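Residues in the sequence shown are numbered from 4 upward in steps of one, following our numbering.
Just so it is clear, CB atoms sit at the ideal spot from N, CA and C, and this is done for glycine as well.
None of the values given here were measured: they were computed from a predicted structure.
So the structure is just underneath, and the comments pick up after that.
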Amino acid sequence: MNEVVIAYITDDNYVMPTIVSITSAIMNKNENSIYKIYIIGVSINEENKKIIDEFISKNINDKIYIEILHFNQHYDFDDTHPYLTSAAIFKFDIANILSDFDKVLYIDCDTVILKDLSELFNIDINDYYAAAVKDYIATEILKQHLALGIKDYFNSGVMLLNTKILIKNK
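See below:
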């Protein structure tokens with residue numbers, strides 16, 4: 004069996020896309036995979052908590068485990084950026100939140116999964132903090148990395164995180 008540990012982060016604005024993304028992952032999971040899915044919910048209202056809880060209750064079985072972890076805190080920063088929310092900052096805490104696991108696959112809630120995730124999850128990142136894909140549009144077309152003064156820019160929407168090294172090196 005291939006155990007795949009997956010993390011999503013959502014707030015009230017993205018509960019339904021999160022459910023759609025998780026559903027696409029479940030629909031494309033092969034029979035030899037076990038998915039442990041953690042939804043990091045940031046300031047979720049009671050109505051959306053009920054929606055998530057109902058979704059979880061309908062989808063849990065011996066090969067799919069889903070849990071929501073509720074957080075009511077926000078990070079202190081300018082929350083006016085159209086793409087960056089307080090919930091998005093939780094990406095930097097995944098290693099601490101899910102410290103029981105050596106590796107976690109983070110997936111943005113607006114991502115549709117088209118095949119089983121075990122091959123991606125099983126990439127050897129023992130000597131690396133993470134595996135990610137270079138953001139071609141940001142670097143090659145928009146040249147956003149130059150304005151930020153960095154060499155490379157990667158897409159943080161899907162990241163395979165080595166939580167063991169991230170925690171060790173803070």
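Alpha-carbon to alpha-carbon, residue 21 and residue 38:
15 Å
Does the beta carbon of residue 95 sit closer than 8 Å to a beta carbon anywhere in chain D?
Of the protein chains in this structure there is only one, and it is not chain D.
What is the residue span of the beta strand (DSSP E) that residue 18 lies within?
Premise fails: residue 18 lies in the alpha helix (DSSP H), 18-30, not in any beta strand (DSSP E).
Alpha carbons only, please: which of 75, 26, 68, 36 is nearest the one belonging to residue 49?
75
I need the DSSP call for residue 70, collapsed to helix, strand or coil.
strand
Applying the criterion that 16 or more other CB atoms from any shown protein chain within 10 Å of the CB defines a buried residue, is residue 93 buried or exposed?
buried
Residue 46 versus residue 24 - alpha carbon distance:
20 Å
Residue span of the alpha helix (DSSP H) that contains residue 98, given as start and end
97-100
Here's a check: name, in chain order, each residue in its chain whose Cβ is nearer than 8 Å to the Cβ of residue 32, leaving out the five neighbours to either side.
38, 66, 67, 119, 120
Inter-stretch contact (C-beta, 8 Å, three-pair minimum) for the stretch 127-140 and the stretch 149-163
yes
What does a CB cutoff of less than 6 Å around residue 28 pick up in its chain, not counting 5 residues either side in sequence?
116
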